[in-house]
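Numbering (this note's numbering), first residue to last: 1 to 349. By construction, the Cβ of each residue, glycine as well, lies at the ideal position given by its N, Cα and C atoms. To start, the structure itself, in structure tokens.
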Ligand code: NAI
């Protein structure tokens, strides 16, 4: 099924609002989810709506949060999310970081006590759209084996980075610190597809190709990905005084309790370093250099990070955004949720 951006955003917003989220928060959440689907990041798009709707309906997301921004130093602050919608809190916190970095050259802002915030390049791209460098990391629920371990400790703890070019494009890196995001396993399940044996392990710690047998994900590049996940947990958890490691709340354990997740935004203003024009020109040059690199056998072109998503957006502008039929049917229906996620082992079907 292919749908326009407007229709998809509207369907998601309506469902989340009907589940109980206030309209302006449902609007931001729908924008972040549509942002993901239109870039081909389907693991963090409409596939998540029913889970969010169930959590909202069961009281596990504060629908009337007392969002507060606390400036803690010349270039630092904490955004208190009060158990509210993560997409909205992270977006508002990035708005504060942008203002601060415009004045101070840099901003480091923690976002505390929030629910899941989705594809986090949404927030770094806010900064790049304002001629700033955006960096963001966040916690997610423990489902990744530490290097050498047989049971999960860290989450898929993603890292995103975005920088503006001189021609309106941006370079964007947005990645889980696992070989694949958990949402990719969900996507494979929804399409009845097998997964490569490098993504995850089963209950015995053995690599598996069956998305239904997954019991933990593998970090990227062994100890290096494991180390990056540790860094993300320190910056977005321990630094903000939040639960960390395997004490981070699970996505599905109790859908009536707030999640208390953490995220950290760092924004750097190039005007305080080499100068904005020089910075943006050089980013454009490096994008062009990368595109000119001789491709390896089997590749037609070297893409700059994020260019794969830009290609998808262009395709969707012409042909609509591709959505799994069942998800579209759910979005169009009057059903708020089918009671699928509460108290479920995240690895269960
Ligand atoms: P991915 O593996 O699809 O892409 C990772 C990066 O590689 C992206 O920046 C992408 O642009 C780049 N890339 C991919 N193919 C490329 C190519 N051919 N040439 C150049 N660059 C290329 O991403 P992953 O790790 O599956 O993450 C998906 C999403 O999951 C992200 O948006 C992330 O923020 C989100 N996520 C969110 C979590 C949360 O708790 N909020 C937890 C984990 C992931």
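For secondary structure counted as the alpha helix (DSSP H) over 4 or more consecutive residues, the region 74 to 158 holds these complete runs in sequence order: 86 to 104 and 121 to 129.
By the beta-carbon neighbour count (other beta carbons within 10 angstroms, threshold 16), residue 273 is exposed.
Under the three-state reduction of DSSP, residue 48 is assigned to helix. Beta-bridge annotation (DSSP): residue 263 is paired with 111 and 138. For residue 69, DSSP records a beta bridge to 79. Bridge pairing for residue 62: 84 [DSSP].
Taking a contact to require three or more Cβ pairs closer than 8 Å, the region 98 to 118 and the region 153 to 168 do not qualify as touching.
Shortest gap from the CB of residue 306 to any heavy atom of the ligand NAI: under 6 Å.
Take residue 39, set aside five residues on each side of it, and the residues of its chain with a beta-carbon closer than 7 Å to its own are 309, 312 and 313, in chain order. Beta-bridge pairing by DSSP links residue 1 to no other residue. Excluding sequence positions up to five before and after residue 256, its CB lies within less than 6 Å of the CB of 58, 59 and 60, all in the same chain and listed in chain order. Between the ligand NAI and the CB of residue 310, the shortest heavy atom gap is not smaller than 6 Å. Nearest to residue 157 by alpha-carbon distance, out of 327, 77 and 234, is 234.
Scanning its chain for C-beta atoms nearer than 7 Å, with the 5 sequence neighbours on each side dropped, one finds around residue 121 the residues 160, 162, 172 and 174, in chain order.
Residue 74 sits exposed, since fewer than 16 C-beta atoms from the chains shown fall within 10 Å of its C-beta. In the structure shown, residue 161 falls within a strand segment according to DSSP collapsed to helix, strand and coil. Two segments are said to touch when three or more pairs of C-beta atoms, one from each, lie closer than 8 Å; by this definition the region 210 to 218 touches the region 182 to 190. The closest CA to that of residue 247, considering only 316, 143 and 323, is found on 143.
DSSP places residue 282 in the uninterrupted alpha helix (DSSP H) bounded by 276 to 292.
Here residue 345 is exposed, its C-beta having fewer than 16 other C-beta atoms within 10 Å.
CA-to-CA, the gap between residue 84 and residue 25 works out to about 9 Å. Residue 80 is not a Cβ neighbour of residue 118, given a cutoff of 7 Å. The three-state secondary structure of residue 181, taken from DSSP, is coil. C-alpha of residue 328 to C-alpha of residue 36: approximately 16 Å in a straight line. If you compare the alpha carbons of 343, 138, 50 and 166 with that of residue 277, the shortest gap goes to 166. The region 294 to 327 is shown to contain no whole beta strand (DSSP E) run of 3 or more residues.
For residue 230, the enclosing alpha helix (DSSP H) has its first and last residue at 223 to 236.
Three or more beta-carbon pairs separated by less than 8 Å link the region 328 to 337 to the region 46 to 53, which places the two stretches in contact. Counted as a single uninterrupted DSSP element, the beta strand (DSSP E) harbouring residue 173 occupies residues 170 to 175. Residue 198 counts as exposed, since fewer than 16 other C-beta atoms from the protein chains shown sit within 10 angstroms of its C-beta. Rounded to the nearest angstrom, the gap between the Cα atoms of residue 92 and residue 330 is 29 Å. In the structure shown, residue 217 falls within a strand segment according to DSSP collapsed to helix, strand and coil. Not one heavy atom of the ligand NAI falls within 6 Å of the beta-carbon of residue 233. The alpha-carbon separation between residue 181 and residue 195 amounts to approximately 12 Å. Inclusion of residue 174 in the 6 Å shell around the ligand NAI follows from its C-beta lying nearer than that to a non-hydrogen atom of the ligand. Residue environment for residue 291: exposed (fewer than 16 other C-beta atoms within 10 angstroms of its C-beta).
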